[in-house]
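Asks: In our numbering, the protein residues as written are 620 to 720.
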């Protein structure tokens, strides 16, 4: 369960992880240290508006989404599936139906 007092930190961590970034990489983008990102995520340090705007711009979302929502998946909305993608996934999703036996 998310602590409502640290929803912003939780969402920053979710966004960062969904993009496979380290705290250092995000910190480099917005001009803070990795420990500052860690403190944002833990809720021991408040994110100022300028840094929050930079994080939102970096991840292509709004400040409101980071502050108010419970982010579970962010970058899945940009995935497009073509016919070849679907047919390539069938053996992975349904291995029993695709086996040689």
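Backbone N, C-alpha and C define an ideal beta-carbon position, used for all residues, glycine too.
#1: Taking the alpha-carbon of residue 673 as reference, which of 626, 631, 636 has the nearest alpha-carbon?
#2: Confirm, please, whether the CB-CB distance from residue 686 to residue 641 is below 8 Å.
#3: Answer with buried or exposed for residue 633, where buried requires no fewer than 16 other C-beta atoms within 10 angstroms of its C-beta.
#4: May I ask which residues mark the beginning and end of the alpha helix (DSSP H) holding residue 628?
#5: Rounded to whole angstroms, what is the Cα-Cα separation between residue 629 and residue 661?
Replies: Quick answer:
#1: Checking every option, the nearest Cα to that of residue 673 belongs to 631.
#2: no
#3: buried
#4: Per DSSP, residue 628 belongs to the alpha helix (DSSP H) from 626-637.
#5: The alpha-carbon of residue 629 is positioned some 8 Å away from that of residue 661.
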